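J.: Sharing a structure below in structure tokens format, with a few things to ask.
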Amino acid sequence: MKKLQVYGLLLLGTIAVPNLLLAQTEPNEVVVLDHGFEDNFYEALKQKGIENYDKAIESLRKCEEANPEDPIVYFELGKNYLAQKKYKEAYDNFEKVTKMDPKNRWAWVGMYDVCYEQRDYNKAIPIVEKLVEFKEEYKEDLTSLYMNTQQFDKALDLINELNDKYGKTDKRELYKADILKDAKYQSAEKNNLLDQIKKNPKDESNYIALIYMYSQSNQEEKAMEIAKKLEAAIPTSDWAQVSLFKFHLNNNDGDNAVKAMNIVLPSKKIDQKIKHRMLNEFLIFAKNNPKYETDLDKAISYFDNDKEIKVAKEIGKFYFSKANWAKAAKYFEMHLKSSQDDVETQQLLLQSYTETQQFETVAKKAEELMQFFPTQPQFYYYAGLANNQLKSFKKAANQLETGLDFVIDDTALEINFNIQLGEAYNGLGDMKKKEKYFTKANELINKQKK
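In the numbering used here, each number is its position in the sequence shown, counted from 1, plus 45.
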């Protein structure tokens with residue numbers, strides 16, 4: 046039915062007007078009493094066909110005079126008035142047909158069309174409830190009408206009825222998700238899902254929905270109970286492992302948490318956001334339980350092709366923020382194997398090496414990066430700093446003076462360059478230049494404080 050699509054759009058705030066004249070099949074039989082009636086009736090059909098609705102109505106009024114008890118006349122009047130957007134006249138004529146012939150479904154459809162055109166969804170509901178008696182498919186329209194009139198309890202009951210009888214649809218699931226944002230409807234839905242699990246123990250989706258609802262309402266024990274039921278009913282379910290993973294972590298059971306994680310991470314059924322959340326939780330666990338670091342490394346490998354989040358880099362930044370320089374460097378190196386052009390990570394790695402005083406490594410890597418990124422001042426800075434520590438003062442001075450030319454609108458970096466240049470010229474015994482650069486650094490520091 047055409048309206049089923051339209052009402053789905055209405056819930057999302059998009060208004061679409063269907064061609065109502067094409068949305069219904071017209072009755073096939075026309076009662077003809079005499080030639081005058083017949084001539085006027087077919088003249089009306091002809092004029093309607095060329096969209097000359099006034100003349101069509103004029104001919105139909107003549108038919109009405111000839112036979113006021115013929116419902117087909119009022120049905121055609123309703124259609125012509127609807128085409129003119131004369132909604133009251135259209136509704137009145139369709140309604141007259143339903144009173145003369147209550148089983149005329151198309152007259153009820155006409156009344157529904159009028160209500161729809163006027164966005165009068167409350168008035169449409171009893172009409173569609175009547176249409177359901179003719180065709181149960183109208184329950185889809187009724188669901189949309191309940192949603193548009195915010196009768197969510199009725200909508201939820203009808204959605205569950207239709208899901209149970211015909212299976213789920215994306216539209217109904219969207220409706221249900223909107224309804225269940227309100228906590229007052231969640232209790233009834235939990236009971237419904239429990240009933241569905243009893244009826245269909247092999248339907249994974251009901252377990253998943255219930256686990257999610259319990260988790261959202263902080264009922265972790267109940268969520269775990271359903272996860273265990275899911276695992277028992279469907280041992281191959283990846284979704285059961287999502288909840289069991291959390292349960293094992295909370296119980297400090299790292300071995301079983303790893304088993305659950307290694308089932309979920311390669312699964313194509315589980316959303317990436319859920320996988321990222323699991324990895325973050327395991328990262329915190331592994332930080333406090335270093336023996337699981339190898340398992341963490343394996344977990345990261347599942348995200349090698351993740352284009353949205355660079356997992357190894359993010360873990361490196363986590364350890365960097367905790368001043369765990371060795372582990373930060375390890376994960377930055379892991380990330381850079383496939384992302385050599387990531388300037389930010391290269392800088393973080395150099396700083397991690399610097400913090401652990403690996404100055405030969407810093408000097409070598411920074412000098413390589415100067416060749417690949419000749420306008421990035423940070424790499425000249427790290428090269429100069431490292432060579433100062435290695436007492437290669439002339440080399441440091443040359444690198445730092447070259448790099449300083451690329452510093453733009455970065456006062457902190459400019460200060461560090463001047464300090465390192467002062468150190469380099471101090472090592473070279475050039476006290477004049479030493480004082481020049483230290484003085485410049487102090488001026489910038491004082492300026493920054495103002």
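The beta-carbon is built from N, C-alpha and C at its ideal position, and this holds for glycine as well.
As the structure is a computational prediction, the values presented were derived from the model and not from experiment.
1. Which residues mark the beginning and the end of the alpha helix (DSSP H) in which L219 is found?
2. Which residues in the same chain as L381 place their Cβ atom closer than 8 Å to its Cβ, once the five residues preceding and following it in sequence are excluded?
3. How many angstroms separate the CA atom of V452 from the CA atom of L466?
4. By Cβ distance, which residues of its chain are closer than 6 Å to A457, with the 5 residues on each side in sequence left out?
5. So Y252 packs on L275, CB below 8 Å; how close in whole Å?
6. Kindly indicate which residue of P246, A374, K213 has the alpha-carbon position closest to the one of E20.
7. Below 7 Å CB to CB, which residues in the same chain sit around F424 once its five sequence neighbours on both sides are set aside?
8. Taking the straight line between their C-alpha atoms, what separation do you get for T143 and D215?
9. I need the DSSP call for E181, collapsed to helix, strand or coil.
10. Candidates K409, K184, D455: which alpha carbon is nearest Y211's?
11. Measure the alpha-carbon distance for A89 versus L122 and round it to whole angstroms.
12. Indicate whether Y272 and L294 have their beta-carbon atoms separated by less than 8 Å.
13. On a CA-only basis, which of A305, K436, Y482 is nearest L473? Give me that one, please.
14. In three-state DSSP terms, what is F418?
15. Report the rounded CA-to-CA distance for A268 versus I224, giving the unit in angstroms.
16. Give the secondary structure of Q17 by DSSP, where H, G and I count as helix, E and B as strand, and everything else as coil.
17. Give the straight-line distance between the Cα atoms of Q231 and F197, rounded to the nearest whole angstrom.
18. Taking C-beta to C-beta, are F238 and A254 nearer than 8 Å?
T.: According to the data block:
1. Note, L219: alpha helix (DSSP H), 215–224.
2. For L381, where only same-chain residues beyond five positions count, the Cβ hits under 8 Å are D387, T390, Q391, L394.
3. 14 Å
4. none
5. Yes, they are in contact, since the Cβ atoms of Y252 and L275 sit about 4 Å apart, within 8 Å.
6. In the structure as shown, the chain starts at 46 and stops at 495, and residue 20 therefore has no counterpart that could be examined.
7. A411, L414, M415, F418
8. 35 Å
9. Looking at E181 - three-state DSSP - the assignment turns out to be coil, as it is neither helix nor strand.
10. K184
11. 9 Å
12. It is worth fixing the name first, because residue 272 is Ala in this sequence and not Tyr. It is not a contact, given that the beta carbons lie outside the stated cut-off.
13. Measuring from the Cα of L473, the nearest candidate turns out to be K436.
14. In the three-state reduction of the DSSP assignment, F418 falls in the coil class, being assigned neither a helical nor a strand state.
15. Linking A268 to I224 through their CA atoms gives a straight-line distance of about 21 Å.
16. A query on residue 17 cannot be resolved here, the shown segment of the chain reaching from 46 to 495 and no further.
17. 12 Å
18. With the sequence shown as reference, residue 238 is identified as Leu, and Phe is not the correct amino acid for it. Cβ distance < 8 Å, so L238 and A254 count as in contact.
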